[in-house]
Amino acid sequence: MSYSKLEEMDTALCLQKQRKEADQGAVLPSSSHPCIPTSLAFDNIDRLEETLSGGGTSHRVNGIIIQPQVHTAKPLENKSEPIIWKKRSITPVPLDIPEYNAGSREGPPVMKPLVFNLQPVRETAMWKNLVWSLTRLTNNSNQSISSWTGFNVKTCDSIIVERDTVGYLPTINAPATHLSTVYEVMIQVMKIKEELNLEEIVCVFDQALYAKAVEIQWKQGRMFQEVVIRMGCFHTLCNLVAVIGKRFSSAGLRDLAVESGIIAEGSITSVLEGRNYNRGVRLYKLMYEALLRLAWRGFYPWLVEYHSADVRHLGETIRVIKTLHAEVTQCSLESVLENESVSVILTNFTQYLDHLRNSQGHLASFWASFIDMVDIMLDLIRASCEGNWLLHLSGINRMIPWCFAYDRQNYARYYEYEHTYSLTVVNLILI
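When we follow this note's numbering, the leftmost residue of the sequence shown carries the number 1, and every step to the right adds one.
The structure is reproduced here in structure tokens:
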């Protein structure tokens, strides 16, 4: 029998096997385990081939499955079977996606979650940001303290990070822009949930897929109520970077970024519109630190005038914060935050920032809002890196009004639904 005939038979058997598996349930990687908290992530993978007409390009949706590592006794693979040849190509399974008729649109269901006190996690994150800024401020001549990211990496040295298990799901060969494709993704998600014997499963999309997924979820009602749909943190941050840029670009932020040499003139537009994430976050971090330093200059006269009894804590606070120059660790940061004098001064400084927002005119209030918005950005980054779900909800909650204010109503609606639904899920877990 010829090689081509053997390959044709093998391809037919593979297609038959894959169709059978698709009919029976989800096709999962071998690294997946049942009854383990699971997250799925889907995104479009497009290959725009150069064709004369522009048609005939490849559009598909890829997905991954993420689970915590579990230690199991895995059976040894049987390698006794002889390998006749090595295949150098794969043949995709033809997938007949049924047409999804959306009909009239429906809004999100009415949900009334319990109110959570998110202030403690928010205050802790704010104090860490202030300690970082003051630590850099107290040693300008010989700066040994890293930027915001490096500082937080060093102060999380005692946290044990366990690597998750990531596996690839079968590709859906259809454009992600079609509602029928997203509906097929949701069907596959439900099959995976049943296959893994889970009560609920988390599914993460980018903004384009998220908009269609929640529309289908709202329309279908109970069919997908066990799927917790979330928008990816990266797309959320890109949206926030664009909102900050829209608010402050015409107020001097554009000129400041270019004339200081932080951003090139040809790149500033893409940065302020949220299309260049790394440069945008770096710009806002530098501006955030600069504004906090300016606020610190006016803090001492205000402290003497309104809280003279707490002035004695200022010297002790500076001394304690300077100890971080010798050793930046999680233990040293926690000892600084637990110091009584540091707590008094940070509380007063937070009150001084409120004073700038409310009692020093429109200009001070305007630039104080920059500190507030970058605080939201830093909280979302910290929550994503540390796995702090309550801090993430706090950031989303404070971000929603800014999205409404700067013509991002669709984002705001999705964030409001995600925030409300997430709080409802947390309530059910705690109850």
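Note that CB positions come from ideal geometry on N, CA and C, so glycine has one too. Quick caveat, the model's predicted, so the values are computed rather than measured.
Shown here, His59 sits in a strand according to DSSP, grouped into three states.
DSSP lists Thr165 as the bridge partner or partners of Gln67.
Boundaries for Ile376: no beta strand (DSSP E) harbours it, while the alpha helix (DSSP H) harbouring it runs 361 to 386, taken from the DSSP string. Taking all protein chains in view, the Cβ of Asp372 is surrounded by fewer than 16 other Cβ atoms within 10 Å, so the residue is classified as exposed.
Rounded to whole angstroms, the separation of the alpha carbons of Ser250 and Ser335 is 42 Å.
Arg47 sits away from Asn173, with the two beta carbons spaced by 8 Å or more.
Residue Gln225 holds the alpha-carbon nearest to the alpha-carbon of Ile187 among Gln225, Gln351, Ser158. Under the DSSP assignment, Ile229 falls in the beta strand (DSSP E) whose first and last residues are 227 to 231.
Annotated three-state conformation of Ser39 is strand, per DSSP. Per the coordinates, the alpha-carbon of Ala368 lies some 20 Å from the alpha-carbon of Leu237. A direct Cα-Cα distance of roughly 10 Å separates Asn348 from Leu314.
For the pair Ser180 and Tyr100, the CB atoms are nearer than the 8 Å cut-off. Arg413 sits in a helix when the DSSP states are folded into three classes. Counting along the chain, Cys203 sits inside no alpha helix (DSSP H); it lies in the beta strand (DSSP E) bounded by residues 201 to 205. Exclusion of the five residues before and after Arg408 leaves no residue of its chain whose Cβ lies closer than 6 Å to its Cβ. Within the model, the alpha-carbon separation for Ala125 versus Arg312 is close to 25 Å. The region 383 to 399 and the region 263 to 281 do not touch, with fewer than three beta-carbon pairs separated by less than 8 Å. In the structure shown, Asn44 falls within a strand segment according to DSSP collapsed to helix, strand and coil.
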